[in-house]
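A.B. asks: Chains as they are written, first to last, in UniProt numbering: chain A, 1 to 305; chain B, 1 to 507. Below are the structure tokens for one structure; questions will follow.
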Amino acid sequence: MTKRSPLRALLQFVPVLYIVSLVVFVLVYLTGDPSALLIPEDASEADRLALITAWGLDQPWYTQYLHYMANILSGDFGVSYRYGTDALPVVLERIPATLTLTAGGLVVAILIALPTGIFAALRRNSLPDFAISAVTVLGKAMPNFWVGIMLILIFGVWLRLVPVSGSGGFAHLILPAMTLGTGFAAELTKLIRSSLLEVMGQDYIRTARAKGVPETLVVLRHGLRNALIPALTMTSLHAIALLGGALVTETVFSWPGLGQLVVQAVYVKDMAVIQIAVFVITIMALTINLATDALYRLIDPRLRH
Amino acid sequence: MPLFRPTYWSGFILSAGLALASMAGAAAAQTLTIAQGNDILSLDPANHGNNSTESALVNIYEYLVDKDFSQGQLRFTPRLARSWSTEDNVRWTFKLRDDVLWHNGDRFTAADVKFTIERAQQDKKLINASKFRRIKSVEAPDDTTVVIETDRPDTLLLHYFVGNGAGILPKAAFEKAGGKEEFFKKPVGTGPYVFEQWIKSDQVILSRNPRWWGGTPKWDKVVIRSIPETTTRVAELLTGGVDIAVNIPPEDIARLNDNKGTRAITFDIARNIALHVRTGKDRVTGDPKLREAIDLAIDRDAIVKQVLEGHGKPTRGFFPPAIPGFAPDLNTNIRFDPERAKALLKEAGFDGRKRPAIKISTPSGRYVKDREIVEAVGGYLEDVGFRVQVEVLDWTVYNSRLAGDGFGELYLWGMGSYTDASSIFVQDFKRHYDWSDPAFEDLARKAGNAKTEAERIALSQQAQKIVAEQRVRIGLLLPQSIYGVSDRVVYDGRFDEMIAAEDVGRP
């Protein structure tokens, strides 16, 4: 890990964004034009052709692409075919919901995984450790879709503790965050357990113990701190995946995040929305990478230079 | 444009504590909550081709006339227009109400009607740009009179003033907003409910219009939610989170009826499910005998009973009886004759050892039980000697295939939301089915110039018979719609699947 200035890192992303935009454009273009998905069922062929001409979809792809890129450089990110409005706000207004859900899922995962993982490592090969192992395998094996519906049926329909679906309040966040969090918690628990076990066998832990440092302090201050690096890596990768939209969870709970938007946009080949969403997700991924780097340095002084 | 909508965050924080409390009395008596299967696409009535979007918009905007199916056949009733008349089906005079106010307080006049029509004609990027294509001129001689002329006799004129793209928009407010983008951020209509907020992929919130010309609207607030997952929609209904939930699968009917406080309603709708047939010479379905065999091999009754659990009707035709111009014989004379089908296969040169291969494509989840219907059809065709391949496709791919004519021999199609059987003439039969018939084309030409409604109806009935007899389309069934409804509201469903909040009562 070398020290990078954030600005330089951002600049390195310009060519990446450009290539991504070209690839997305060509892929979407190759799957055909959106007219058939937009017009009413009883529209005639003439109506469809008129719409294609009006949107400039009868031009060759490179003309469309150049036109599109020229507009972007002048600050115009294009119009959503589906919504008939500027595409940029259509994407940006989904970000708060996506950030909320991502944060909620990660918090749930960390709150479960951190104590459980430590406990399992400290009681290695005990009955509780085996039980935790079994539960984590189960947690990883259960599909999100099923977990979500079970949570709805138990906490929403049966116990009536929380709202079944929708967004708007903290209560609405509980079930989707649990759905996203539990699966990841299983993965994270296993990782924290194994990296903590590995660290605990190191020389400096033995030194600390020999100096008479209490075991709790040995684990928390000397062990955990070093064991956290791989957990942080995995969490940041997971966060990036979630920022791209947690489609299944969003659909089950009708949560208005990026995932639903992007999939719907792909369905109707809504080029401008797809492009902006890819930009936004890429930029968020970069930001998380930079933040992770900073956290690495905070946790591990050896990485500061 | 704000990068993040502050309303989202503030709403989130404010409601954090309140959400649990408000759960208890979800429908605070005066709020009507409707759960649809998808989000609305637009607040612009002229810029979407989607039934559930229109279902939300009918509460905000109003049509000149209403479509009324309550008597069993479509008839037009007054709405913003008090009356209308024509002598030659070319020049139409509408007399408008003089007591209608826009949500912003402006008075509704004939200029608004003229504006709505001309705007749709001029903005070619609108999805419903072709809605008023037959209208040559619109005049507004005074505030309550609109005179419309069509390019030639057009007995369908009233049909243009209902459905997608027919909501009347305010000229002054639209122009003052400086374009559609701005106007539709906070749109203004004349309807019983006023637009408040649209949280995309989540909900549309409307409030009562206290100055509505039709009296005081029934509900303080109307919330139209988008809940794509069926299980979640049902769960919301069971827990009282919503009052009406659309598109309930037949297998959930008993559950809703057994639960205290909810019930399922079923009703006829403007939709039909048919097999569309590619009749090119390079395909086995190019042989009329084999097409007839397909028609005779399918037990439509059994499909309706088993797959739809009885919530539909078998048909060989393409329109339900409430649609003007439907062909009645096609809904009654339904033959299921597998023996004759086998004989036809033999006559066509397939003796049992050699079997004609057929591919049937279907979407999954687009229409009620679409995939299951096609699987059943496939089974029946196998029984009489066809070799069948069922192809299940994602809706996007399905649509691209349709546009590019990339299907095999048969594909399932659910036409809907029509108001007249002359829509049979809209599709390009040559392109989609590789089929042309001089008699049919003659009928299409004549229907476009029909001088009376009776003439148009007769022409489209003949056309349906030709299509059914030649098995270019093989009608299968007329599905019903199934909604879940809470006992807090009184609702029976509407043939056109519009949920106008004013149609929903309280017990």
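No residue lacks a Cβ here, since even glycine has one placed at the ideal position from N, Cα and C. This structure is a prediction, so every number in the text was calculated from the model and none was measured.
For B/G312, does the three-state DSSP call read helix, strand or coil?
C.D. replies: As a working note, residue 312 of chain B is residue 312 in the second sequence. Strand at B/G312.
A.B. asks: What residues in the stretch 215 to 236 of chain B have a beta carbon less than 8 Å from any beta carbon of chain A?
C.D. replies: Hits within the stretch, in order: R225, S226, I227, P228, E229, T231, T232, A235 and E236.
A.B. asks: Quick check: A/A70 and A/F77, are their CB atoms within less than 8 Å of each other?
C.D. replies: The residue given as residue 70 of chain A occupies position 70 in the first sequence. The residue given as residue 77 of chain A occupies position 77 in the first sequence. The answer is no: Cβ separation not under 8 Å.
A.B. asks: Just grab the DSSP bridge partners of B/E62 for me.
C.D. replies: On the second sequence, residue 62 of chain B is found 62 positions in, with the first residue counted as 1. B/E62 is not bridged to any residue.
A.B. asks: Once the 5 residues before and after A/S80 are set aside, which same chain residues still bring their CB inside 8 Å of it?
C.D. replies: In the first sequence, the residue the question calls residue 80 of chain A occupies position 80. Excluding positions up to five away in sequence, the list reads D86, A87, V90, A265, D270, A272 and V273.
A.B. asks: Buried or exposed: which applies to B/I253, given that a residue is buried once 16 or more other Cβ atoms fall within 10 Å of its Cβ?
C.D. replies: Start at 1 with the first residue of the second sequence, and residue 253 of chain B comes out as number 253. Burial call: buried.
A.B. asks: Grouping DSSP H, G and I as helix and E and B as strand, with all else coil, what is B/P396?
C.D. replies: By 1-based counting over the second sequence, the position of residue 396 of chain B is 396. What sits at residue 396 of chain B in the sequence shown is Thr, not Pro. In this structure, B/T396 counts as helix in the three-state DSSP scheme.
A.B. asks: Relative to the alpha-carbon of A/I39, which residue among B/Q36, B/D301, B/W102 and B/A46 has its alpha-carbon at the smallest distance?
C.D. replies: Position 39 of the first sequence, counting from 1, holds the residue named residue 39 of chain A. Answer by Cα proximity: B/A46.
A.B. asks: How would you write the range of the alpha helix (DSSP H) that A/L196 sits in, first residue to last?
C.D. replies: For the purposes of this step, residue 196 of chain A is taken as residue 196 along the first sequence, with counting starting at 1. Start and end: F170 to M200.
A.B. asks: With C-beta atoms as the reference, is B/I248 less than 8 Å away from B/Y483?
C.D. replies: Here the question's residue 248 of chain B lines up with position 248 in the second sequence. Here the question's residue 483 of chain B lines up with position 483 in the second sequence. Contact flag set, yes.
A.B. asks: Among B/A348, B/S364, B/E309 and B/N272, which residue has its Cα nearest to the Cα of B/N331?
C.D. replies: Position 331 of the second sequence holds residue 331 of chain B. Of B/A348, B/S364, B/E309 and B/N272, the residue nearest in Cα terms is B/N272.
A.B. asks: So, does the CB of B/W435 fall closer than 8 Å to a CB anywhere in chain A?
C.D. replies: Locating residue 435 of chain B in the second sequence gives position 435, where the first residue counts as 1. It does not: the Cβ of B/W435 has no partner Cβ on chain A nearer than 8 Å.
A.B. asks: For B/Y411, which residues of its own chain have a beta-carbon under 6 Å away from its beta-carbon, when the five flanking residues on both sides are left out?
C.D. replies: Stepping through the second sequence from its first residue, residue 411 of chain B is reached at position 411. Once the five neighbours on either side are set aside, the close Cβ partners of B/Y411 are H276 and S361.
A.B. asks: Verify the CB distance criterion: does B/V246 have a CB-CB separation below 8 Å to chain A?
C.D. replies: What you label residue 246 of chain B is simply residue 246 of the second sequence in a count that begins at 1. For B/V246, the answer is no, since every Cβ of chain A falls outside 8 Å of its Cβ.
A.B. asks: Under 7 Å Cβ-Cβ, which residues of chain B neighbour A/A50?
C.D. replies: Counted from its first residue, the first sequence places residue 50 of chain A at position 50. Near A/A50 (Cβ distances below 7 Å), the residues of chain B are K124, A129 and S130.
A.B. asks: In or out: A/K211 buried (at least 16 other Cβ within 10 Å) or exposed?
C.D. replies: Position 211 of the first sequence holds residue 211 of chain A. With fewer than 16 Cβ atoms within 10 Å of its Cβ, A/K211 is classed as exposed.
A.B. asks: Would B/G404 count as contacting chain A if we go by Cβ distances under 8 Å?
C.D. replies: For the purposes of this step, residue 404 of chain B is taken as residue 404 along the second sequence, with counting starting at 1. Closer than 8 Å: yes.
A.B. asks: Run down chain B in chain order and give the residues with a C-beta less than 9 Å from the C-beta of A/P143.
C.D. replies: In the first sequence, the residue the question calls residue 143 of chain A occupies position 143. Here the premise fails: no neighbours, minimum Cβ distance about 14 Å.
A.B. asks: Give me the Cα-Cα distance between B/E382 and B/G167, rounded to the nearest whole angstrom.
C.D. replies: Position 382 of the second sequence, counted from the first residue, corresponds to residue 382 of chain B. Position 167 of the second sequence, counted from the first residue, corresponds to residue 167 of chain B. Those two C-alpha atoms are separated by around 48 Å.
A.B. asks: Please classify residue 352 of chain A: is it buried, with 16 or more other beta-carbons within 10 angstroms of its beta-carbon, or exposed?
C.D. replies: Outside the shown range of chain A, which is 1 to 305, sits residue 352 of chain A, and nothing can be said about it.
A.B. asks: Let me confirm a value: residue 526 of chain B is counted as buried when at least 16 other C-beta atoms fall within 10 Å, else exposed. Which label applies?
C.D. replies: Any property of residue 526 of chain B remains undetermined from this structure, which presents chain B solely from 1 to 507.
A.B. asks: Name the residues in the stretch 418 to 431 of chain B whose C-beta lies less than 8 Å from a C-beta of chain A; which are they?
C.D. replies: Flagged, chain order: Y418, S423, V426, Q427, D428 and R431.
A.B. asks: Determine the DSSP secondary structure at B/N272, reduced to helix, strand or coil.
C.D. replies: Sequence index remark: in the second sequence, residue 272 of chain B carries index 272 (1-based). In the structure shown, B/N272 sits in a strand (DSSP, three-state: E or B).
A.B. asks: For A/D47, would you say it is in contact with chain B, using Cβ-to-Cβ distances shorter than 8 Å as the test?
C.D. replies: Residue mapping note: residue 47 of chain A aligns to position 47 of the first sequence, counting from 1. Cβ-Cβ to chain B under 8 Å: yes for A/D47.
A.B. asks: Please determine if the stretch 388 to 402 of chain B and the stretch 279 to 296 of chain B are in contact, where contact requires at least 3 C-beta pairs separated by less than 8 Å.
C.D. replies: Touching, no.
A.B. asks: Please state whether DSSP places A/Y83 in a helix, a strand or coil.
C.D. replies: Stepping through the first sequence from its first residue, residue 83 of chain A is reached at position 83. In the structure shown, A/Y83 sits in coil (DSSP, three-state: anything other than H, G, I, E or B).
A.B. asks: Does any C-beta atom of chain B lie closer than 8 Å to the C-beta of A/L261?
C.D. replies: Position 261 of the first sequence, counting from 1, holds the residue named residue 261 of chain A. Yes, A/L261 counts as interfacial toward chain B.
A.B. asks: Tell me which residues share the same chain as B/V307 and place their Cβ nearer than 7 Å to its Cβ, disregarding the 5 neighbours each side in the sequence.
C.D. replies: Stepping through the second sequence from its first residue, residue 307 of chain B is reached at position 307. Excluding sequence neighbours, B/V307 sits near K369, E372, I373 and A376.
A.B. asks: Just tell me which of A/Q59, A/L224 and A/E93 has its CA closest to the CA of A/P256.
C.D. replies: By 1-based counting over the first sequence, the position of residue 256 of chain A is 256. Selected option, being the one with the closest Cα: A/E93.
A.B. asks: Just the C-alpha distance for B/R278 and B/W102, rounded to the nearest angstrom, thanks.
C.D. replies: Taking the first residue of the second sequence as position 1, residue 278 of chain B is located at position 278. Taking the first residue of the second sequence as position 1, residue 102 of chain B is located at position 102. The straight-line gap from Cα to Cα measures roughly 50 Å.
A.B. asks: Looking at C-alpha atoms only, which residue of B/P314, B/A270, B/T86 and B/G241 is the closest neighbour of B/A333?
C.D. replies: Against the second sequence, residue 333 of chain B aligns to sequence position 333. Note on residue identity: the sequence assigns Asn, not Ala, to residue 333 of chain B. That would be B/P314, whose Cα lies nearest to the Cα of B/N333.
A.B. asks: Please tell me whether B/R316 and B/A468 are closer than 8 Å, where the distance is taken between their beta carbons.
C.D. replies: Residue numbering aside, residue 316 of chain B sits at position 316 when the second sequence is read from its first letter. Residue numbering aside, residue 468 of chain B sits at position 468 when the second sequence is read from its first letter. For B/R316 and B/A468, yes; Cβs fall inside 8 Å.
A.B. asks: At a CB-CB cut-off below 7 Å, which residues of chain B make contact with A/V157?
C.D. replies: Working through the first sequence from its first residue, we reach residue 157 of chain A at position 157. In chain order: A235, L238 and T239.
A.B. asks: What whole-angstrom Cβ distance do A/L188 and A/G117 have, given they're in contact under 8 Å?
C.D. replies: For the purposes of this step, residue 188 of chain A is identified with residue 188 of the first sequence, where counting begins at 1. For the purposes of this step, residue 117 of chain A is identified with residue 117 of the first sequence, where counting begins at 1. With a Cβ gap of about 7 Å, A/L188 and A/G117 count as contacting.
A.B. asks: Which residues in the same chain as residue 523 of chain B place their Cβ atom closer than 7 Å to its Cβ, once the five residues preceding and following it in sequence are excluded?
C.D. replies: The structure shown does not extend to residue 523 of chain B, since chain B spans only 1 to 507, so no value can be given for it.
A.B. asks: For B/P363, which residues of its own chain have a beta-carbon under 8 Å away from its beta-carbon, when the five flanking residues on both sides are left out?
C.D. replies: Against the second sequence, residue 363 of chain B aligns to sequence position 363. Excluding residues within five positions, the ones whose Cβ falls inside 8 Å are D370, R371, V392, L393, D394, W395, Y398 and L412.
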